[in-house]
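What follows is a short report on a single structure.
Spelled out as structure tokens, the structure:
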């Protein structure tokens, strides 16, 4: 897949519960997000899930949404009920913070 020159790639991470298969494989929960820097719209996303269906569902939740919108966290809390729900929210907040830092550094 080709991404436009206006996109950036951000990774947010968090610890996941110890009894989670994600911890067994990756030792943490990661969410990789491709964001259009001009619009803040999520163009693509993938997470450190152990099931392909999880990544497909995460894509359906986040693609097309504004990375900074509270709605992206809300949809995790209301629609994603995997054992890594809390870690997913924390990783996404980490990605939001990184996006804001990148945008602030570009305006200086």
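Residue numbers (the working numbering): 69 to 176. We treat Cβ as the ideally placed atom computed from N, Cα and C, and that holds for glycine.
Burial state of residue i (16 or more Cβ within 10 Å)
i	result
residue 170	exposed
residue 96	exposed
When the options are compared against residue i, the one with the closest alpha-carbon
i	options	result
residue 151	117, 75 and 99	117
residue 135	115, 166 and 73	166
residue 80	168, 159 and 139	159
8 Å Cβ cutoff met for residue i and residue j
i	j	result
residue 131	residue 161	no
residue 127	residue 113	yes
residue 149	residue 99	no
residue 103	residue 144	no
Three-state class that DSSP yields for residue i in the structure shown
i	result
residue 78	strand
residue 149	coil
residue 71	coil
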